[in-house]
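Sequential numbering from 1 applies to the sequence shown in my numbering. Beta carbons are placed, not taken as given, at the ideal position from N, Cα and C, and that holds for glycine. First comes the structure, then the notes that go with it.
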Amino acid sequence: MKVLEATGITKLFPGVVALDSVDISFEPGQIHAIIGENGAGKSTLIKCLTGVYVPEEGSVEINGQDALKNKELFDKIAYVPQEIDLFGYMSVAENLFIPYEKSGFKGMVNQKALEEAARPLLAKFQIPVEPDELVKDISVSSQQLLQIARATVHEDYEVLMLDEPTTSLTTKDTQILFDIVRQIKSQNKAVVFISHKLEEIFALSDVITVFRNGKKVAYSEIGQVDIPWVIRQMTGREVDQNQVFCSEKVTDEVLMEVNDLTGERFTDVSFQLKRGEILGFSGLVGAGRSELMQAILGYLPVYKGTVRIDGENWKLGDPTFSVKHGYIYLPEERKKQGILPVLSIRENISVAVLDRLASATGISRKKEDELAQNVIDTYDVKTPDAEKEIQFLSGGNQQKVIIGRAMTCEPKVLVFDEPTKGIDVGTKAEIYRLMKELAEQKGIGIILISSEMDEIRKCSNRIIALYDGRKVGEFPATADKEEILSAIIGVG
Ligand SMILES: Nc1ncnc2c1ncn2[C@@H]1O[C@H](COP(=O)(O)OP(=O)(O)OP(=O)(O)O)[C@@H](O)[C@H]1O
Ligand SMILES: [Mg+2]
Numbered sequence: 001m002k003v004l005e006a007t008g009i010t011k012l013f014p015g016v017v018a019l020d021s022v023d024i025s026f027e028p029g030q031i032h033a034i035i036g037e038n039g040a041g042k043s044t045l046i047k048c049l050t051g052v053y054v055p056e057e058g059s060v061e062i063n064g065q066d067a068l069k070n071k072e073l074f075d076k077i078a079y080v081p082q083e084i085d086l087f088g089y090m091s092v093a094e095n096l097f098i099p100y101e102k103s104g105f106k107g108m109v110n111q112k113a114l115e116e117a118a119r120p121l122l123a124k125f126q127i128p129v130e131p132d133e134l135v136k137d138i139s140v141s142s143q144q145l146l147q148i149a150r151a152t153v154h155e156d157y158e159v160l161m162l163d164e165p166t167t168s169l170t171t172k173d174t175q176i177l178f179d180i181v182r183q184i185k186s187q188n189k190a191v192v193f194i195s196h197k198l199e200e201i202f203a204l205s206d207v208i209t210v211f212r213n214g215k216k217v218a219y220s221e222i223g224q225v226d227i228p229w230v231i232r233q234m235t236g237r238e239v240d241q242n243q244v245f246c247s248e249k250v251t252d253e254v255l256m257e258v259n260d261l262t263g264e265r266f267t268d269v270s271f272q273l274k275r276g277e278i279l280g281f282s283g284l285v286g287a288g289r290s291e292l293m294q295a296i297l298g299y300l301p302v303y304k305g306t307v308r309i310d311g312e313n314w315k316l317g318d319p320t321f322s323v324k325h326g327y328i329y330l331p332e333e334r335k336k337q338g339i340l341p342v343l344s345i346r347e348n349i350s351v352a353v354l355d356r357l358a359s360a361t362g363i364s365r366k367k368e369d370e371l372a373q374n375v376i377d378t379y380d381v382k383t384p385d386a387e388k389e390i391q392f393l394s395g396g397n398q399q400k401v402i403i404g405r406a407m408t409c410e411p412k413v414l415v416f417d418e419p420t421k422g423i424d425v426g427t428k429a430e431i432y433r434l435m436k437e438l439a440e441q442k443g444i445g446i447i448l449i450s451s452e453m454d455e456i457r458k459c460s461n462r463i464i465a466l467y468d469g470r471k472v473g474e475f476p477a478t479a480d481k482e483e484i485l486s487a488i489i490g491v492g
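What follows is the structure, given as structure tokens:
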């Protein structure tokens with residue numbers, strides 16, 4: 001028995017076959033994982049199955065009826081998109097129930113009634129916020145859970161589709177979500193779960209479908225396969241999960257020295273970074289790692305302490321100075337802070353070096369084109385051309401453009417803040433290799449902030465643990481997981 005059955009789905013974008021004649025179906029009471037590299041077509045598929053996109057070819061049947069003809073059948077599907085699309089300046093309760101009419105609120109909407117109705121949902125999802133708080137003021141993890149709570153408000157849905165729901169969830173919130181998803185499954189609803197995190201897929205799903213380059217390449221019951229099988233299907237090759245990527249050319253030369261730095265969210269932090277070294281920063285969300293690096297950049301205040309980079313006393317509080325003198329920070333929230341989404345790849349690169357490209361008569365388009373093409377070639381960005389709007393590139397390819405852009409500014413210290421959030425296993429290895437090359441071949445000092453313990457241990461030459469804004473440990477790359485974990489949860 002199938003609740004949704006799609007056949008021969010083809011979806012085209014300019015220069016790209018996003019989906020190539022895909023057949024897929026979902027059964028009640030089953031959790032169906034979908035996996036594939038960035039840009040494989042997962043989100044596009046979900047959008048075709050929820051009525052957001054109309055495919056060029058193919059059919060979508062819901063309970064045996066043609067949904068492309070009867071659009072109201074798509075109401076049977078609860079959909080949580082990959083990007084957070086809540087209203088930041090509205091309250092938690094308002095976000096949960098908008099549009100109110102559909103949520104059963106008639107006539108003038110009473111704030112108190114909304115807030116009362118919100119409480120049990122917040123309790124169910126264990127979201128630690130008040131119904132009247134503005135969404136922009138709650139944590140990203142809470143926002144992601146709220147988005148899922150909202151999608152499931154109308155209990156008459158039969159399929160729940162979650163597009164990478166855990167990218168910004170803390171470990172604890174991921175467990176809360178999984179418990180809820182299992183409950184939903186036990187109510188005999190179908191669940192579709194997209195994730196790049198293989199452990200999650202194996203922990204949660206019943207069946208798995210693998211996509212590569214717009215095509216469905218494999219399907220199996222989860223019990224019949226293992227992680228190496230999934231990776232092989234996804235990438236068409238073997239990816240060695242145990243390969244390490246730390247720099248083999250760490251010098252003795254201190255490139256960066258931070259002494260007793262104190263700001264709003266970090267206290268008395270000192271460390272040294274060598275030329276050619278990859279230095280990992282481990283810690284829980286909120287431990288102050290991003291704040292520390294943003295303060296050095298000049299975005300956040302520093303109350304006390306000093307920074308020296310390449311022999312220079314650092315001028316704090318001045319991001320322009322920092323970037324010009326070689327300290328570059330690549331932010332965690334790639335889509336919000338790292339890119340100008342509606343501009344092309346070319347423009348996203350050239351904004352960083354406008355002073356070099358501009359003259360009294362304007363910006364040299366020839367130089368701009370050359371620069372963009374150079375980044376595309378050097379960092380192997382997968383795109384039809386440099387004119388594609390960067391928001392339509394997959395996450396991994398956006399990240400490569402951002403790294404390429406940073407390199408045009410000739411950095412001495414590069415900070416990667418959660419560089420592989422939402423990035424597939426194959427592309428992850430490419431990003432790790434890139435970090436290693438930058439450290440080894442260009443002598444750049446790299447700071448890696450990551451919440452993934454495996455990532456930190458694979459890539460770093462040394463690891464610093466922060467807890468509640470304080471440095472609580474410094475470990476060699478060979479240190480074991482438990483030791484580092486104890487430090488970052490404050491029991492080290
Ligand atoms: N609105 C759009 N306009 C143009 N091209 C698009 C658009 N949306 C997606 N694409 C392209 O279609 C292909 C499939 O993209 P899609 O977002 O479905 O991949 P995905 O598997 O969800 O990747 P990720 O893991 O990064 O989320 C990619 O090549 C992407 O660049
Ligand atoms: Mg996607």
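Inter-residue Cα distance where the pair is residue i and residue j
i: L354; j: I363; result: 8 angstroms
i: S43; j: D252; result: 46 angstroms
i: E332; j: I309; result: 23 angstroms
i: G256; j: A358; result: With the sequence shown as reference, residue 256 is identified as Met, and Gly is not the correct amino acid for it. Taking the straight line joining both Cα atoms gives about 32 angstroms.
i: C459; j: T170; result: 22 angstroms
i: E264; j: T174; result: 28 angstroms
i: I523; j: P81; result: Residue 523 cannot be examined here, being either before or after the span of the chain that is shown, 1 to 492.
i: L86; j: I98; result: 10 angstroms
i: I180; j: A93; result: 20 angstroms
i: G422; j: I184; result: 25 angstroms
i: R182; j: P301; result: 44 angstroms
i: M453; j: Q224; result: 27 angstroms
i: G326; j: V307; result: 13 angstroms
i: T495; j: G88; result: Past the boundaries of the shown model lies residue 495; the chain is included only from 1 to 492, so the question cannot be answered.
i: H32; j: K215; result: 17 angstroms
i: K197; j: S322; result: 35 angstroms
i: M234; j: V217; result: 8 angstroms
i: F271; j: V258; result: 5 angstroms
i: C409; j: A352; result: 7 angstroms
i: I296; j: V22; result: 49 angstroms
i: Q294; j: S220; result: 45 angstroms
i: P476; j: E430; result: 23 angstroms
Close-in-space but distant-in-sequence residues of the same chain around residue i (CB under 8 angstroms, 5 per side omitted)
i: P228; result: E238, Q241
i: I339; result: N348, I390, Q391, Q398, V401, I402
i: V381; result: I345, V375, L393, N397, K400, V401, G404
i: I222; result: A33, I201, F202, S205, D206, V207, I208
Chain-order list of residues whose beta-carbon lies under 6 angstroms from that of residue i (same chain, five-residue window excluded)
i: A439; result: S247, G276, I278, I446
i: R289; result: F281, G283, I449, L466
i: F178; result: L204
i: I34; result: K42, I194, T209
i: D163; result: S43, I46, P81, Q82, I194
C-beta contact flag for residue i and residue j at 8 angstroms
i: L45; j: I9; result: yes
i: T427; j: G396; result: yes
i: L121; j: A151; result: no
i: A360; j: I488; result: no
i: I176; j: Q126; result: yes
i: Q30; j: A190; result: yes
i: D132; j: E115; result: yes
i: P319; j: G305; result: no
i: L330; j: A406; result: yes
Exposed unless 16 or more other CB atoms sit within 10 angstroms - verdict on residue i
i: Q144; result: buried
i: N110; result: exposed
i: K250; result: Position check: residue 250 holds Val in this sequence, whereas Lys was assumed. Buried, by the Cβ-count rule.
i: M161; result: buried
i: S141; result: buried
i: G311; result: exposed
Selected residue, minimal CA-CA separation from residue i, among the options
i: V192; options: E221, E27, I84, S139; result: E27
i: N95; options: L371, E389, Q272, V129; result: V129
i: M435; options: R365, I148, L414, V375; result: L414
i: L273; options: I463, S350, T420, I489; result: I463
i: Y53; options: N38, L19, G39; result: L19
i: E57; options: N63, K324, L68; result: L68
i: F245; options: V3, E437, A487, Q30; result: E437
i: G104; options: F321, D156, I489, G15; result: D156
i: S451; options: V425, I444, E418, D480; result: E418
i: E200; options: A190, V230, N188; result: V230
i: Q65; options: I444, L4, V269; result: L4
i: K366; options: A386, Y379, D468; result: A386
Beta-carbon contacts of residue i that lie in its chain and below 7 angstroms, excluding the five residues immediately before and after
i: G236; result: R212
i: K71; result: G51
i: Q441; result: none
i: P165; result: V80, Q144, I148, L177
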